[in-house]
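First comes the structure, then the notes that go with it.
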Amino acid sequence: MHDEVTVGAPTFAPPRIEAEPGPEGRLFLRSAEPLGAYPISVVHEFRARSEAHPERLLVAERGRDGEWVRSTWGELRARADRLAQGLLDHGLADRPVLILSGNSTLHLAVTLAAMTVGAPVVPTSVAYSLQSKDFAKLRAMVELTGPGLVVAEEAAFAPAVAAVAGDRPVLSGEIEGAVTPEELSAEPTGDVAARCAALGRADIAKILFTSGSTGTPKGVLNTHGMLAANQQQLRQVWPFLADEPPVLLDWLPWSHTFGGNHNVNLVLCNGGTLWIDDGRPAPGLVERTVRNLADARPTLYFNVPAGYAALLPHLERDRDAARAFLSRLRFGFFAAAALPQQLWDRLTDLATAHGSAMRMTTSWGLTESSPAATSAHFPITRSDCLGVPLPGVEVALVPVGEKREIRLRGPNVTPGYHRRPELAEECFDEFGFFRTGDAVALAEPDDPAAGLVFRGRIAEDFKLSTGTFVSVGTLRPRLLSAARGLLSDAVICGENGDRVTALVWLHAEHAHRCDPEGVPDDALRAELAGALARLAAEGGGASQRVDRVAVLREPPALDAGEITDKGYVNQRAVRERRREQVALLSREPCPPQVVER
1 MHDEVTVGAP TFAPPRIEAE PGPEGRLFLR SAEPLGAYPI SVVHEFRARS
51 EAHPERLLVA ERGRDGEWVR STWGELRARA DRLAQGLLDH GLADRPVLIL
101 SGNSTLHLAV TLAAMTVGAP VVPTSVAYSL QSKDFAKLRA MVELTGPGLV
151 VAEEAAFAPA VAAVAGDRPV LSGEIEGAVT PEELSAEPTG DVAARCAALG
201 RADIAKILFT SGSTGTPKGV LNTHGMLAAN QQQLRQVWPF LADEPPVLLD
251 WLPWSHTFGG NHNVNLVLCN GGTLWIDDGR PAPGLVERTV RNLADARPTL
301 YFNVPAGYAA LLPHLERDRD AARAFLSRLR FGFFAAAALP QQLWDRLTDL
351 ATAHGSAMRM TTSWGLTESS PAATSAHFPI TRSDCLGVPL PGVEVALVPV
401 GEKREIRLRG PNVTPGYHRR PELAEECFDE FGFFRTGDAV ALAEPDDPAA
451 GLVFRGRIAE DFKLSTGTFV SVGTLRPRLL SAARGLLSDA VICGENGDRV
501 TALVWLHAEH AHRCDPEGVP DDALRAELAG ALARLAAEGG GASQRVDRVA
551 VLREPPALDA GEITDKGYVN QRAVRERRRE QVALLSREPC PPQVVER
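Just so you know, we're using UniProt numbering here: the sequence shown kicks off at 1 and counts up by one.
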């Protein structure tokens, strides 16, 4: 049973931002709040807190029987130390540990064990093992990182293991011929603590492969110092964490920086509790999240826009589920993609209807920044606000064409890419700032403390035949908002054409409303046309409206690089792979598969 707690809005640190003009139109921004002291590594913090409160619940996951299997801080510390000793005993502490399987207590224990003794952790997307047909990306990762151990918890990963492990030892409780966690584990000696004490901030904690949202995946070096600094930055803008250990329910994959660094480390560095959500933002799976919310009752909730879109209908029609979600919630947080304003409004309306002071907030960053670089640690009402630089982060806004690219410098920024030193020259500018490729603008031109707003990925933008730029990152969420929950995602098209068009996917509950050729029924056609009309009514020229859409029946393909398992759709990859459908959008007369405004 949970005590009913009336919680107020979170206490945020007030934003204090210093701005300074620079050469060639640059604008430098930084927090006036200096970065405080922080530990050498996240594992140092974990070990200290496991001794301070060993009986506190750290992690819970659903077992095979559907019941929660709980592990305390002390239990996980003991498990991690035994695995760490096993890595030392088997000569596996000086090479990377490749993890194929998904979020689990074992995954967390192996991660902590490896990081404790200095072995870099390489968590890979589960989709690369379970959905890929050729394992090409996994093979490339293995070749690049040269792991000493492959971790694959369940039997379902056996084909991937057979494809990439070679003669390397495999850690698994289900795959034939593998070493079990119990067999690897050993009674810890003083060597475990000695290896931990020898860690330095510049040592590599993780190699995280970027999702390839706009390019070929690369192995991003995440040092121990980067990850520890980022958690101190978050603590300073979220001071309530000092008195209120966070409770999270989270499904976000640990192969990505949002789930694996931001959220897991937030729990580890603040004495919190992580309930591993076996739900997903998909029909038949999001119901598990609704069920889990009743048990976890999180104090902070982190998700991507697609996750909120899947969860919201359940919360809007189920008062008990909504009360469970909101009962202890300080804030709902989104990142990784733009949140359509209509989703923002529905979330805040839900909170108001239940008397919750919960706030919506966000931050911006990337794998190369641990990930948080900015934070909206102040009240905001618009979903495109990214906040202000975190303490210790320096931001440079650099003119690129008609936009301003945001570039970063700070202790949470990567030194580079694994075995790709040649990329450093193109990734860092002459002032040592990391080139992110994202465009932003000041929310208020005369007030940097009002925050930055997102203006999309520069590489995704294109020009119409008139020479007018189309800002894909701005237009896409506006189209989704205008569709009022009808669409799950959209790819903006029209490069070198005379109008903007889009390829769209319907939410699963509407998929039956198109025939096998993608021709919508009359009611759906009217609803889509209405969405285009609403978007056009918002004003702006040809680059700020969508004149035609066509529904895609085939979901985005992982192997083709069209989507990541976090749900990010690669705009250019879809346009290039589906050239026939793109061409259909401009055909005259208008084909039956195409809906026109």
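Idealized CB from N, CA, C, for every residue including glycine.
Close-in-space but distant-in-sequence residues of the same chain around residue i (CB under 6 Å, 5 per side omitted)
i	result
Q571	E460, V472, V491
D489	W505, V569
P313	none
V413	S369, F434
L339	P305, S383
A424	G416
D521	R513
Buried or exposed by the 16-neighbour rule on C-beta atoms within 10 Å, applied to residue i
i	result
C590	exposed
Q131	exposed
R16	exposed
S465	exposed
A351	buried
G540	exposed
K133	exposed
E174	exposed
S213	The predicted model places S213 with a pLDDT of 46, which falls under 50 and marks its position as unreliable; any figure quoted below should be read in that light. Buried, by the Cβ-count rule.
T116	buried
D3	For D3, the predicted structure reports a pLDDT of 38, less than 50, and the residue's modelled location is therefore unreliable. A value from the coordinates is still provided. Under this definition D3 is an exposed residue.
T564	buried
A84	buried
T381	exposed
A583	exposed
R319	exposed
E182	exposed
N496	exposed
E430	exposed
Element boundaries [beta strand (DSSP E), containing residue i]
i	result
W389	Residue identity differs from the one stated: residue 389 is Pro in this sequence, not Trp. Start and end: 385-389.
V551	548-551
C493	487-493
W275	273-276
R70	68-72
A396	394-400
CA-to-CA distance, residue j to residue i, given in whole angstroms
i	j	result
T361	G332	6 Å
S586	V500	10 Å
Q341	V69	38 Å
E444	V388	12 Å
R201	A526	58 Å
E596	R328	45 Å
V150	P169	6 Å
C385	V594	33 Å
V264	T105	12 Å
F302	G432	31 Å
K463	T474	14 Å
L397	S375	16 Å
Y128	G22	43 Å
R577	A163	27 Å
G279	L285	5 Å
Neighbourhood of residue i by C-beta distance below 8 Å, restricted to the same chain and skipping five residues each side
i	result
G146	R95, P96
V400	A439, I458
M1	Below a pLDDT of 50, predicted positions are generally treated as unreliable, and M1, at 36, falls in that range; the measurement from the model is reported next regardless. If we look at M1 and ignore the five residues flanking it on each side, it has no Cβ neighbours.
V5	At V5, the pLDDT of 40 sits below 50, so the modelled position is not reliable and the matter cannot be decided from this model.
Boundaries (first-last residue) of the alpha helix (DSSP H) holding residue i
i	result
A560	Segment: none, A560 is in no alpha helix (DSSP H) and carries neither H nor E.
L312	305-317
F46	42-52
V425	The sequence given here has Glu at residue 425, not Val. Where E425 is concerned, the enclosing alpha helix (DSSP H) stretches over 424-427.
R201	Per DSSP, R201 belongs to no alpha helix (DSSP H) and is neither H nor E.
Whether residue i touches residue j by CB criterion (8 Å)
i	j	result
E405	A439	yes
D551	C514	The sequence shown places Val at residue 551, rather than the Asp named in the question. Yes, these two residues count as a Cβ contact at 8 Å.
T124	L108	no
A228	Y38	yes
E18	A32	yes
G74	S101	no
A508	P281	no
V59	L274	yes
A335	L293	no
residue 599	A186	Given a span of 1 to 597 for the chain in the structure shown, any question on residue 599 remains unanswerable.
A114	L87	yes
Cβ-based neighbour list, residue i, same chain, cut-off 7 Å, excluding 5 preceding and 5 following
i	result
T11	P239, F240
L268	V42, E45, F46
residue 622	Lying before the first or after the last residue shown, residue 622 is absent from the chain, which here runs from 1 to 597.
Q581	L503, A550, L552
L199	I40, S41, G118, H224
E588	none
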